[in-house]
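**Student:** Got a structure for you, written out below as structure tokens; questions coming shortly.
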Amino acid sequence: MSGESRDNGLSPDDDCPVSAIPDAWIDEGLGMEGVYCVTLIKDVTPDEALRRFGARDITTATWPELLERANVEEADLDDHVVAAFALGPHVLLVEDNGREGVRRPDLSAGTFAVSSYRSVNAQADFVVSRDGVVLARLDGTATGADLGVLKTALAEMGVHDPGAFEADGDLELLCRLTGVRPTVADMTGSARVAIVRG
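Everything in the sequence shown is counted per our numbering, starting at 949 for the first residue and increasing by one.
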């Protein structure tokens, strides 16, 4: 199975080990170097995740191939260039120059999702949602319908106040909350992809 996973997305435990380079999948695998928007959606297929995102024309490509296609097709900042990587029964949506994941709790309809956004200006937004409802948002403050969803994972990271969470730990928190840890190999393989015109 792709990615390291465990069944319970809300009770992090020791079978989701931290790798020596925990963010290698985003830096080495995708070459995003600290600027990204990723959304991990539990128990949906890549095509279903892209349809929820608004995609109609879904194809298969690697991340570099999708970026080249976006360049050739002159996708602009209003367009959404997105890949859906299968991680076992789950999906990781990766956006190029986007931030829809943190704005779209509807992506979690019928399931559980975690989104993290980091901008070139170090703006950060982290959203946990279930069945279309934002349970927790960390964007310099801590808000949401159920901040308790963060408690166990944050405590394991040595954070006891969600409002004190440092954004640099976002990808580790995403992995702990979902029980899924992407690998470099997951990100360098083929994905289902789309360009959704804005």
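Each residue gets a CB set at the ideal place from its N, CA and C atoms; glycine is no exception.
1) Considering only residues of the same chain and omitting the five flanking positions on each side of residue 1008, which have a CB-CB separation below 8 Å?
2) Between which two residues does the alpha helix (DSSP H) carrying residue 1014 extend?
3) Hey, would you say residue 1055 sits closer than 8 Å to residue 1049, going by beta carbons?
4) Give the DSSP-derived three-state secondary structure of residue 903 in the structure shown.
5) Taking Cβ positions, are residue 990 and residue 1126 nearer each other than 8 Å?
6) Using C-beta distances below 6 Å, list every residue in its chain close to residue 1065, excluding the 5 sequence neighbours before and after it, in chain order.
7) Going by C-alpha distance, which of 1023, 1068, 994, 1018 is nearest residue 1038?
8) Have a look at residue 1136 and residue 992 and give me their C-alpha separation to the nearest angstrom.
9) By alpha-carbon positions, which one of 973, 1146, 997, 1143 ends up nearest to residue 1059?
10) Pick from 1024, 1062, 1036: whose alpha carbon is nearest that of residue 1042?
11) Could you tell me if residue 1028 is buried or exposed, where buried requires 16 or more neighbouring beta carbons within 10 angstroms of its beta carbon?
12) Is the beta carbon of residue 1057 less than 8 Å from the beta carbon of residue 1000?
13) In the DSSP assignment, find the beta strand (DSSP E) that holds residue 987 and state where it starts and stops.
14) Below 8 Å between beta carbons: does that hold for residue 1121 and residue 974?
15) Alpha carbon to alpha carbon, what distance is there between residue 1109 and residue 1092?
16) My understanding is that residue 1097 touches residue 1112, with C-beta atoms under 8 Å, so please give their C-beta distance in whole angstroms.
17) Since residue 1002 contacts residue 1144 with CB under 8 Å, what's their CB separation in whole angstroms?
18) Is the separation between the beta-carbon of residue 1134 and that of residue 977 shorter than 8 Å?
19) If residue 1044 sits next to residue 1018, beta carbons under 8 Å apart, how far is it from one beta carbon to the other, in whole angstroms?
20) Can you name, in chain order, every residue of its own chain whose Cβ lies under 6 Å from the Cβ of residue 1115, other than the five neighbours on each side?
**Tutor:** On the basis of the data shown:
1) One-based indexing of the sequence shown puts residue 1008 at position 60. So the qualifying residues of the chain are 1138, 1139, 1140, 1141.
2) Residue 1014 sits at position 66 when you count from the first residue of the sequence shown. Element bounds for residue 1014: 1011-1020.
3) One-based indexing of the sequence shown puts residue 1055 at position 107. One-based indexing of the sequence shown puts residue 1049 at position 101. Yes, the pair counts as a contact, with Cβ atoms nearer than the cut-off.
4) Given that the chain is displayed from residue 949 to residue 1146, the structure contains no residue 903 and the question cannot be resolved.
5) If you number the sequence shown from 1, residue 990 lands on position 42. If you number the sequence shown from 1, residue 1126 lands on position 178. Taking a C-beta distance under 8 Å as the contact criterion, residue 990 and residue 1126 qualify as a contact pair.
6) By one-based count along the sequence shown, residue 1065 stands at place 117. Sequence-distant Cβ neighbours of residue 1065 in its own chain, meaning closer than 6 Å and more than five residues away, are 985, 1047, 1050, 1073.
7) On the sequence shown, residue 1038 is found 90 positions in, with the first residue counted as 1. The closest CA to that of residue 1038, considering only 1023, 1068, 994, 1018, is found on 994.
8) Numbered from its first residue, the sequence shown carries residue 1136 at position 188. Numbered from its first residue, the sequence shown carries residue 992 at position 44. Take the alpha-carbon of residue 1136 and the one of residue 992: they are about 20 Å apart.
9) Counting from 1 along the sequence shown, the entry for residue 1059 is found at position 111. Nearest option by C-alpha distance: 997.
10) In the sequence shown, residue 1042 corresponds to position 94, counting from 1. Nearest to residue 1042 by alpha-carbon distance, out of 1024, 1062, 1036, is 1062.
11) Locating residue 1028 in the sequence shown gives position 80, counting from the first residue. Buried.
12) Working through the sequence shown from its first residue, we reach residue 1057 at position 109. Working through the sequence shown from its first residue, we reach residue 1000 at position 52. In this structure, residue 1000 lies closer than 8 Å to residue 1057 by Cβ.
13) Here residue 987 corresponds to residue number 39 of the sequence shown, with the count starting at 1. That run of the beta strand (DSSP E) goes 984-989.
14) Here residue 1121 refers to the residue found at position 173 when the sequence shown is read from its first residue. Here residue 974 refers to the residue found at position 26 when the sequence shown is read from its first residue. Residue 1121 places its beta carbon 8 Å or farther from that of residue 974.
15) Sequence index remark: in the sequence shown, residue 1092 carries index 144 (1-based). Sequence index remark: in the sequence shown, residue 1109 carries index 161 (1-based). Their backbone Cα atoms lie some 14 Å apart in a straight line.
16) Sequence index remark: in the sequence shown, residue 1097 carries index 149 (1-based). Sequence index remark: in the sequence shown, residue 1112 carries index 164 (1-based). The pair is not a contact, with the Cβ atoms about 17 Å apart (cut-off 8 Å).
17) Taking the sequence shown and counting its residues from 1, the one referred to as residue 1002 is at position 54. Taking the sequence shown and counting its residues from 1, the one referred to as residue 1144 is at position 196. Contact flag correct, Cβ pair sits at about 5 Å.
18) On the sequence shown, position 186 is the one that residue 1134 refers to. On the sequence shown, position 29 is the one that residue 977 refers to. For residue 1134 and residue 977, yes; Cβs fall inside 8 Å.
19) The sequence position of residue 1044 within the sequence shown is 96, counting from 1. The sequence position of residue 1018 within the sequence shown is 70, counting from 1. Here residue 1044 really is in contact with residue 1018; their C-beta atoms are around 7 Å apart, less than 8 Å.
20) Here residue 1115 corresponds to residue number 167 of the sequence shown, with the count starting at 1. So the qualifying residues of the chain are 1072.
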